[in-house]
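Engineer: Residue numbers for the sequence shown follow the numbering used here, beginning at 52 and rising by one.
Backbone N, C-alpha and C fix where the C-beta goes; we use that ideal spot for every residue, glycine too.
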Amino acid sequence: MSVEDAEKVQNEAAERAAEAEENAMDQEEKKTPEVEGCEFGDVVDCTTCKRCAVVCPTELDLEKIVRIHRYIKDSYGQVKGSHRDVFRLASKLSGMADAQGWLTSIDEGDDIVFFPGCAALFDLMLQRDTNYSGNAKAAALTLNKLGYKPEIVYGCCGHDLYYSGALDEFEVLKEEMMGKLKGKKIVVNCAEGYHMLKNIYGLDVVGFEEFVLEHEPEFTNTELKTTYHDPCRYGRYNDVYDAPRELLDLASDFREMENIREEAICCSVSAWMNCNKYSRDTRKKRLEEAKATGADYLVTACTKCSIHLDCIHFELNSEDTEGLEDVKILGLAQVVGYALGVYDPFKEEKDYEVPETAGKFLEPLKVQKNVDQFIDDDLLNNAFLCTTCKNCTIVCPNHHDTAGMMEAFRYELVKKGLGPEKHDKISKAITKTGNAFGEKEPMTPKPNEDAEYVYYPGCVANYRRGDVYDATKKILDLLDINYEIPEGLVCCGSVLRRAGHEDEFQDIRKTNTELLKGKKVICSCSGCYATLKKDYEGLDIYHITDIVKENIDKLPLKEVKKKVMYHDPCHLGRKFEYYDIPREIIEAVPGVELIAFDKEKENAQCCGAGGGVKSAKPDIANNLAKQKMDEAKAKGADVVVSACPFCEL
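So, in structure tokens, the structure goes:
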């Protein structure tokens, strides 16, 4: 395609971007009203890399949540991708671009179908020195070398439409592509295309690497020093880990990076949604890992991974690259083609050529968004599996607030009347009685007009774990702390916000704030502590462990000859990094032997009860709790201690 043709594409993109902006303005009145103090996780930030799935205690399928949530937010005009949304608009254009014949000098036939994807369009749009089309060209030439004359089927798999929430546009594209591909065996050389055609389209697909290995070719040029970046769509989505490595081991001088396979670091951008400081730092770290292996080439089997990893050379100033520019990005098929002697990845010319008559834009799709068509039982089940434990955030390359995003998504479902019935009952109980258990008696007050502190017991200590309630008051009395329990306190609302009952949460937050403002508030429940500290505003909040640690020498601690294991509450640990203080308190008790769980502190397993999971899905919550207790029993613990009565419950 000529420069003039490229300019036409860019002009078309600009026109459609202006159209999209105008449409977004028309949607302004449909926006979700902003809720005061409601800081939900931004759905744009998630890369859907599934790194979190490795540590999720409930095996939540987050990528489905993200897609539908983006679709909903897009209907409000509230989804904006990276770089002023230009690339997300570009993904819509690439889905509508019917570009044909851009691979040339290929011996074509009908032995097998080869799907090259849309790399040429990104070569056109980005106008870099790199050659993203080269991977498809090398794959096609490799098929020729293996004795195949492929039928090349051009088009876009729609990955970026699908994962950015443009689901209506994707369905139209999918129908068109199914007409071209259905009933055929397809070789794919891009991880995104492989995942989409295999899992979303349900077609007969084989990865380029697997196909080549089956034919046992003889490689001659194997001197390239390589390492391999696992694309998420290949690895965590499809367990394709071995074939790329086996092929690189045969075709090059291959070595591994530190974080690989299931624990591989994502390229940190997906569907052009989340190119930001976090993603840049993550990609820089990935190149540093590659450099540490001594490799000259960081190889991947995904066009987008190639583009995003290559971006680091353009994003960092030369003085900041620390030699990272020496690590070049290559597609895996380019390495294979080079090793077979059929492709030169170091040439200057591009590997696409599009005559003016060979491409056109499909008609723009006029859509009326209807989220109900995408809501099914599987989605609803997933939406209420999250315990909001934040284990996912610990491993997320972008430190995404998944819990906040889940709360926001649940809010959308609750507004439609699609929340679990048990959550509805809890919400009504809190609204009617002021507590999550529906008990008629209010929280037991302890009047004290001159009090400096307020003890906020919460629902569990007040109504189900009286021993925690009594023990906390005894400690405060022993320390001569001047405190009160105001009359009229109600549930902190943690379960309401976590479960998506945001409107009800806002009401009770106002009630509690009036009673608690201006005082130092002590909580014995980690869930209450996290909610009052993070989700309320203007309050001075302490956990009882703060008070005990500061005054430990004043307490008459008796000897306790017990083997004790400490369970880290998610609301106290991962949310506020309270790891050492509770352990220091336990070890201060004479005679206690503290034993560690296999997973503790930031890696601790959730008790399973948070996020409304205990009420909506008790079997899952109980199973997770049993796992922890079984481990404690196996390690000979006499007691499992926690700083959260809800975890204990």
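#1: Rounded to whole angstroms, what's the CA-CA distance from Lys441 to Ala688? Just pull it up for me.
#2: Can you tell me whether Gly382 is helix, strand or coil according to DSSP?
#3: Counting along the chain, where does the beta strand (DSSP E) carrying Thr351 start and finish?
#4: Could you have a look at Glu79 and say whether DSSP puts it in helix, strand or coil?
#5: Sorted by chain position, which residues of the same chain lie with C-beta nearer than 8 angstroms to Asp501's C-beta, five sequence neighbours on each side aside?
#6: Please state whether DSSP places Leu154 in a helix, a strand or coil.
#7: Kindly indicate the opening and closing residues of the alpha helix (DSSP H) around Phe259.
#8: Please classify Lys249 as buried or exposed, where buried requires at least 16 other C-beta atoms within 10 Å of its C-beta.
#9: Taking the beta strand (DSSP E) that Ile237 falls in, what are its first and last residues?
#10: Relative to the alpha-carbon of Glu463, which residue among His120, Gly234, Glu110 has its alpha-carbon at the smallest distance?
#11: Any idea if Pro201 is buried or exposed, counting beta-carbon neighbours within 10 angstroms, 16 or more meaning buried?
#12: According to DSSP, Cys702 sits in a beta bridge with which residue or residues?
#13: Quick one: grab the DSSP three-state call for Met736.
#14: Would you tell me roughly how many angstroms separate the C-alpha atoms of Gly382 and Trp153, rounded to the nearest one?
#15: If you drop the 5 nearest sequence neighbours on each side, which residues of the same chain put their C-beta closer than 7 angstroms to that of Asn272?
#16: Hey, quick one: how far does the alpha helix (DSSP H) through Ile477 stretch, first residue to last?
#17: Could you give the residue range of the alpha helix (DSSP H) that holds Ser545?
#18: Terminal residues of the continuous alpha helix (DSSP H) containing Leu254?
#19: What's the C-alpha gap between Ile603 and Pro669?
#20: Any contact between the segment 557-564 and the segment 541-549? By contact I mean 3 or more CB pairs, one from each, below 8 angstroms.
#21: Using DSSP's beta-bridge definition, name the partner residues of Phe166.
#22: According to DSSP, which residues form a beta bridge with Ser693?
#23: Cutting at 8 angstroms between CB atoms, please list the residues of its own chain near Thr439, excluding the five before and the five after it.
#24: Determine the burial state of Glu110: buried for a count of at least 16 other Cβ atoms within 10 Å of its Cβ, exposed for fewer.
#25: Where Ile481 and Pro508 are concerned, what is the direct C-alpha to C-alpha distance, given to the nearest angstrom?
#26: Beta-carbon separation of Arg102 and Cys437 under 8 angstroms?
#27: Which residues in the same chain as Phe435 place their Cβ atom closer than 6 angstroms to its Cβ, once the five residues preceding and following it in sequence are excluded?
#28: Just the C-alpha distance for Leu177 and Val223, rounded to the nearest angstrom, thanks.
#29: Please state whether DSSP places Phe627 in a helix, a strand or coil.
#30: Do three or more CB pairs link the segment 205-219 to the segment 259-279 at distances below 8 angstroms?
#31: What distance in whole Å lies between the Cβ atoms of Leu375 and Lys420, which are believed to be in contact at a cut-off of 8 angstroms?
#32: With respect to the alpha helix (DSSP H) encompassing Lys677, which residues constitute its N-terminal and C-terminal limits?
#33: Helix, strand or coil for Glu712? Go by DSSP, reduced to three states.
#34: State the beta-bridge partners of Ile363 as determined by DSSP.
#35: Between Ile636 and Ala647, what straight-line distance do the alpha-carbon atoms span, to the nearest angstrom?
#36: Is the beta carbon of Lys571 sitting closer than 8 angstroms to the one on Tyr504?
Structural biologist: A quick look at the data gives this:
#1: Numbered from its first residue, the sequence shown carries residue 441 at position 390. Numbered from its first residue, the sequence shown carries residue 688 at position 637. When rounded, the distance between both Cα atoms is 27 angstroms.
#2: Working through the sequence shown from its first residue, we reach residue 382 at position 331. Strand at Gly382.
#3: Residue mapping note: residue 351 aligns to position 300 of the sequence shown, counting from 1. 348-351 is the extent of the beta strand (DSSP E) around Thr351.
#4: Working through the sequence shown from its first residue, we reach residue 79 at position 28. With a pLDDT of 36 at Glu79, under the threshold of 50, the predicted position of this residue should be treated as unreliable, though the coordinate-derived value follows. Glu79: helix per DSSP, three-state reduction.
#5: Counting from one through the sequence shown, the residue named residue 501 turns up at place 450. Asn533.
#6: Within the sequence shown, the letter at position 103 stands for residue 154. Coil.
#7: Stepping through the sequence shown from its first residue, residue 259 is reached at position 208. Per DSSP, Phe259 belongs to the alpha helix (DSSP H) from 259-265.
#8: Reading the sequence shown from its first residue, position 198 is the one you call residue 249. Flag for Lys249 reads buried.
#9: To locate residue 237, count along the sequence shown from 1; it is residue 186. Where Ile237 is concerned, the enclosing beta strand (DSSP E) stretches over 236-239.
#10: Residue numbering aside, residue 463 sits at position 412 when the sequence shown is read from its first letter. Out of His120, Gly234, Glu110, His120 has the C-alpha closest to the C-alpha of Glu463.
#11: Residue mapping note: residue 201 aligns to position 150 of the sequence shown, counting from 1. Classification for Pro201: buried.
#12: There is simply no residue 702 to check, as the chain begins at 52 and stops at 700 in what is shown.
#13: With the chain covering only 52 through 700, there is no way to say anything about residue 736.
#14: To locate residue 382, count along the sequence shown from 1; it is residue 331. To locate residue 153, count along the sequence shown from 1; it is residue 102. Straight-line Cα distance between these residues: approximately 18 angstroms.
#15: For this step, residue 272 is matched to residue 221 along the sequence shown. Only Tyr389, Ala390, Gly392 meet the Cβ criterion.
#16: Numbered from its first residue, the sequence shown carries residue 477 at position 426. DSSP places Ile477 in the uninterrupted alpha helix (DSSP H) bounded by 472-484.
#17: Numbered from 1 along the sequence shown, position 494 holds the residue referred to as residue 545. First-last of the alpha helix (DSSP H) with Ser545: 545-550.
#18: In the sequence shown, residue 254 corresponds to position 203, counting from 1. No alpha helix (DSSP H) holds Leu254; DSSP gives it neither H nor E.
#19: Counting from 1 along the sequence shown, the entry for residue 603 is found at position 552. Counting from 1 along the sequence shown, the entry for residue 669 is found at position 618. Distance between the alpha carbons of Ile603 and Pro669 is about 37 angstroms.
#20: Verdict: yes, contact present.
#21: Position 115 of the sequence shown, counted from the start, is the residue given in the question as residue 166. Beta-bridge pairing links Phe166 to Val239.
#22: Position 642 of the sequence shown, counted from the start, is the residue given in the question as residue 693. His618, per the DSSP bridge assignment.
#23: Working through the sequence shown from its first residue, we reach residue 439 at position 388. Closer than 8 angstroms at the Cβ level, and outside the excluded window around Thr439, lie Ala454, Met457, Glu458, Arg549, Cys621, Gly661, Gly662.
#24: For the purposes of this step, residue 110 is identified with residue 59 of the sequence shown, where counting begins at 1. Glu110 comes out exposed.
#25: Translated into positions along the sequence shown, residue 481 becomes position 430. Translated into positions along the sequence shown, residue 508 becomes position 457. Roughly 15 angstroms between the two C-alpha positions.
#26: Start at 1 with the first residue of the sequence shown, and residue 102 comes out as number 51. Start at 1 with the first residue of the sequence shown, and residue 437 comes out as number 386. In this structure, Cys437 does not lie closer than 8 angstroms to Arg102 by Cβ.
#27: Position 384 of the sequence shown, counted from the first residue, corresponds to residue 435. Excluding positions up to five away in sequence, the list reads Pro471, Ala667.
#28: Position 126 of the sequence shown, counted from the first residue, corresponds to residue 177. Position 172 of the sequence shown, counted from the first residue, corresponds to residue 223. Distance between the alpha carbons of Leu177 and Val223: 26 angstroms.
#29: The residue labelled residue 627 in the question sits at position 576 within the sequence shown. Reduced to three states, the DSSP call for Phe627 is coil.
#30: no
#31: Against the sequence shown, residue 420 aligns to sequence position 369. Against the sequence shown, residue 375 aligns to sequence position 324. Actually they are not in contact, since the Cβ atoms of Lys420 and Leu375 sit about 42 angstroms apart, beyond 8 angstroms.
#32: Residue numbering aside, residue 677 sits at position 626 when the sequence shown is read from its first letter. It spans 669-685 - the alpha helix (DSSP H) in which Lys677 sits, taken as one unbroken run.
#33: Because residue 712 is not part of the residues shown, which for the chain are 52 to 700, the question remains open.
#34: As a working mapping, residue 363 is identified with position 312 in the sequence shown. Its beta-bridge partners do not exist; DSSP assigns none.
#35: Counting from 1 along the sequence shown, the entry for residue 636 is found at position 585. Counting from 1 along the sequence shown, the entry for residue 647 is found at position 596. Cα to Cα, Ile636 sits roughly 15 angstroms from Ala647.
#36: Translated into the one-based positions of the sequence shown, residue 571 becomes position 520. Translated into the one-based positions of the sequence shown, residue 504 becomes position 453. For the pair Lys571 and Tyr504, the CB atoms are nearer than the 8 angstroms cut-off.
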